[in-house]
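Every letter in the sequence shown is one number past the one before it in the working numbering, and letter 240, counting from 1, is 243.
No residue lacks a Cβ here, since even glycine has one placed at the ideal position from N, Cα and C.
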Amino acid sequence: MIFGVLKDRKVGEYRVIATPVEVSTIKADGHTVLVERDAGLLAGFTNEEYEKHGAEIIETMEEMYERSDLLAKVKEIEEAEYTLLRENQIIYTCIHPAAHEQQVQAILDSKCIAFTAEDSHRFGSVNCEAAGKQGALMGLQAMLTINGGKGKFVSGLAGAPGMKVLILGGGLVGKSALQVLHSLGAWCTVMDINFGTLREIGQQYNEKVHTQLSTKQNIAKLLPEIDMVINCVKWPKGNKDYLIDRDMLHLMEKGSVIVDISNDTDGAIESFRETTHENPTYIENGVVHYCVSNIPGAIANSTSVAYAASVLGHLRSILNFGVQEACIKDGYLRRSLTAYKGYLTHEETSAVQNRPWIQPKDILNIAQENLDPAPPATVTKSNNFIKM
4 MIFGVLKDRK
14 VGEYRVIATP
24 VEVSTIKADG
34 HTVLVERDAG
44 LLAGFTNEEY
54 EKHGAEIIET
64 MEEMYERSDL
74 LAKVKEIEEA
84 EYTLLRENQI
94 IYTCIHPAAH
104 EQQVQAILDS
114 KCIAFTAEDS
124 HRFGSVNCEA
134 AGKQGALMGL
144 QAMLTINGGK
154 GKFVSGLAGA
164 PGMKVLILGG
174 GLVGKSALQV
184 LHSLGAWCTV
194 MDINFGTLRE
204 IGQQYNEKVH
214 TQLSTKQNIA
224 KLLPEIDMVI
234 NCVKWPKGNK
244 DYLIDRDMLH
254 LMEKGSVIVD
264 ISNDTDGAIE
274 SFRETTHENP
284 TYIENGVVHY
294 CVSNIPGAIA
304 NSTSVAYAAS
314 VLGHLRSILN
324 FGVQEACIKD
334 GYLRRSLTAY
344 KGYLTHEETS
354 AVQNRPWIQP
364 KDILNIAQEN
374 LDPAPPATVT
384 KSNNFIKM
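The following block contains the structure:
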């Protein structure tokens, strides 16, 4: 097959989905590899390095789409790419389909085969780890007086106490943020709805991290003494409530910081609006908000190296065995199938956008095979099935 590494075009995105090392591996499997010119340049990988490892450098995005059987990149498909998608072509990228209706329509209209990468990670995405760790550091940057924050130092100084941080969500993102902030000396509280998660965190940090059940009431009680909130909750689509609504911002001292790593429109933070690396913060009711959607792009080399290694198995499986066999072998890849030749196969998108869908195992005709199991990607359910 012909595998293509696309250059990401999202504003502030500098990562690349395959480094020269992965190119070399895929070449050794017997495939042709195309890399769009400068796809990895801002992550630290030159065109010459890709060529040295066997890739052909392609000048235009249009030629990449025209020639590639499987195309991969890091972030969403941009509007300029919609008309380039073609029937039977395979796309692997972070689509976030439930939140991008026009992108989904373009995918369905093209009759391509699309995988949403964020649902395919068996052990959690390294981008989540990167977002948690770097997001914590970005929050400390937003806390500086020169950026509108309180001007507190994370661990405190002689005679001056350190920061109090509330982390909402104890998953991979939250644990990664905690790892950084606790090691720097912040006083941390983690809230989650899973008592097993809270117990695990308490034991890991010898009960030096406070844990509480995540409820709106518990959050409101704690906010007056909190310097920084880090939201790491994957908010269920369609939930119209908030963990922190606008009125609750008045409970926080002026110059406090909210870092919304989850970055969900209509998510857990009512005052959220997406920002960019170029203009990362805004102030609402005296509270500094940091809401950049692609935080890992700020550490493009490290995240590219880690992410490329983590998705190589999926890419090789598709290239070496084809979509059907790859989805039999790996339930996490199967659940990430978003669209197949004009049919929606993503349950959350069906529920949020009120579109009929069909389960991947049914459209691929593999329901009777010995399928590798995987849990659902989200708690969102849809019974709006396509009747074949």
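Within the model, the alpha-carbon separation for residue 383 versus residue 353 is close to 9 angstroms. Excluding five sequence positions before and after residue 103, the CB atoms of its chain that fall closer than 8 angstroms to its own CB belong to 79, given in chain order. With a beta-carbon spacing of about 7 angstroms, residue 258 and residue 289 fall inside the 8 angstroms limit used to define contacts. In the structure shown, residue 263 adopts extended strand secondary structure according to DSSP, grouped into three states. The shortest C-alpha to C-alpha distance from residue 208 to any of 230, 255, 183, 217 is the one to 183. Look at residue 32 here: in three-state DSSP terms it is coil, with no helix or strand label. Taking C-beta separations shorter than 6 angstroms and ignoring five residues to either side along the sequence, the partners of residue 18 in its chain run 46, 77, 300, 303, 306, 307, following chain order. Every beta strand (DSSP E) stretch that sits fully inside the segment 208-293 and reaches 3 residues is listed by chain position as 213-216, 231-234, 260-263, 284-287, 290-293. Per DSSP, residue 68 lies in no beta strand (DSSP E) segment; the continuous alpha helix (DSSP H) that holds it begins and ends at 64-70.
The alpha helix (DSSP H) runs of length 4 or more contained entirely in the segment 302-360 are, from start to end of the chain, 303-332, 334-338, 350-356. DSSP places residue 131 inside the alpha helix (DSSP H), whose first and last residues are 129-145. In its chain, beyond the 5 residues on either side, 88, 89, 90 have a beta carbon closer than 7 angstroms to the beta carbon of residue 113. Three or more Cβ pairs closer than 8 angstroms define a contact, and the segment 145-163 falls short of that threshold against the segment 114-125. A straight-line Cα-Cα distance of about 13 angstroms links residue 222 and residue 230. Contact annotation: the segment 171-181 does not touch the segment 277-285, with fewer than three C-beta pairs closer than 8 angstroms. The Cβ atoms of residue 315 and residue 81 do not sit closer than 8 angstroms to each other.
Counting of Cβ neighbours within 10 angstroms places residue 391 among the exposed residues, the total staying below 16. In the pairwise beta carbon analysis, the segment 202-217 is classified as not touching the segment 139-147: fewer than three pairs are separated by under 8 angstroms. Fully contained in the segment 82-132 are the following beta strand (DSSP E) runs of length 3 or more, in chain order: 93-96, 116-119.
By a beta-carbon distance limit of 8 angstroms, residue 61 contacts residue 67. Their separation comes to about 5 angstroms. Of the residues assessed, residue 31 falls on the exposed side of the cut-off, its CB having fewer than 16 other CB atoms within 10 angstroms. Bridge partners of residue 195 according to DSSP: 216. Put simply, the backbone Cα of residue 373 is about 21 angstroms away from that of residue 349.
Excluding its 5 nearest sequence neighbours in each direction, residue 152 has C-beta neighbours in its own chain below 8 angstroms: 145, 146, 258, 259, 260, 291, listed in chain order. Per DSSP, residue 372 is not a residue of any alpha helix (DSSP H), being assigned neither H nor E. Buried is the label assigned to residue 338, since at least 16 other Cβ atoms lie within 10 Å of its Cβ.
In this structure, the straight-line span from the alpha carbon of residue 251 to that of residue 35 is close to 55 angstroms.
Here DSSP, grouped into helix, strand and coil, assigns residue 187 to coil.
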